[in-house]
Amino acid sequence: DIGDIIRGKDLFRGYNEKDQQGKAKLQENLKEIFKNIYNKLIGDLTKSSRTKVAEELKARYQNDTTDYFQLREDWWDANRLEVWKALTCESGGGKYFRKTYVGGNEIESNCRCVTDVPTYFDYVPQYLR
3 DIGDIIRGKD LFRGYNEKDQ QGKAKLQENL KEIFKNIYNK LIGDLTKSSR
53 TKVAEELKAR YQNDTTDYFQ LREDWWDANR LEVWKALTCE SGGGKYFRKT
103 YVGGNEIESN CRCVTDVPTY FDYVPQYLR
């Protein structure tokens, strides 16, 4: 799922060589994205005289500046609700999700869990879901 992909924990490697190459490219892109996030975060904190916070973050991520797994995990924890809303509530009446019913009446919104993101599967390996 998307959380596993972002966190670099996706177990699915693809059905064929093309899929595998696509997955590898995706992970390389995510590494580059999180490298940019890290550099901007540290740079902005340093420029704003928040060097103590920058040093704390450098210490937190010091052993993880290749794949950025810890930063990816932290990013997912901070943004999971926004991703969930974007995929469900903000889908603009899209047809991807089944219709939502309240009291037997169909409603326009696809929103099912406005404030509660289902996180109970986040740390269960995919093959057990």
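Under our numbering, the sequence shown has 47 at position 45, and the numbering climbs by one with no breaks.
For every residue, glycine included, the Cβ atom is placed at its ideal position computed from N, Cα and C.
Given the structure is predicted, the values throughout are model-derived calculations rather than measurements.
Looking at the DSSP output, N65 bridges to nothing. Rounded to the nearest angstrom, the gap between the Cα atoms of K20 and W78 is 27 Å. Secondary structure note for Y40: its alpha helix (DSSP H) is the uninterrupted segment E19 to K49. Counting other Cβ atoms within 10 Å of its Cβ, R52 stays below 16 and is therefore classed as exposed.
Comparing C-alpha distances from I7 to each of L59, S50 and K25 shows the shortest one belongs to K25. In the DSSP secondary-structure assignment, N81 is not bridged to any residue. G45 and N107 have their C-alpha atoms some 52 Å from each other. Scanning its chain for C-beta atoms nearer than 6 Å, with the 5 sequence neighbours on each side dropped, one finds around T48 the residues A56, in chain order. Taking I4 as the centre and dropping the five residues before and after it, the same chain places the C-beta of V85 and L89 closer than 8 Å to its C-beta, in chain order. Note on geometry: alpha-carbon atoms of L43 and Q23 lie some 30 Å from one another. In this structure L73 does not touch I35 by the C-beta definition: roughly 10 Å separates them, more than the 8 Å allowed.
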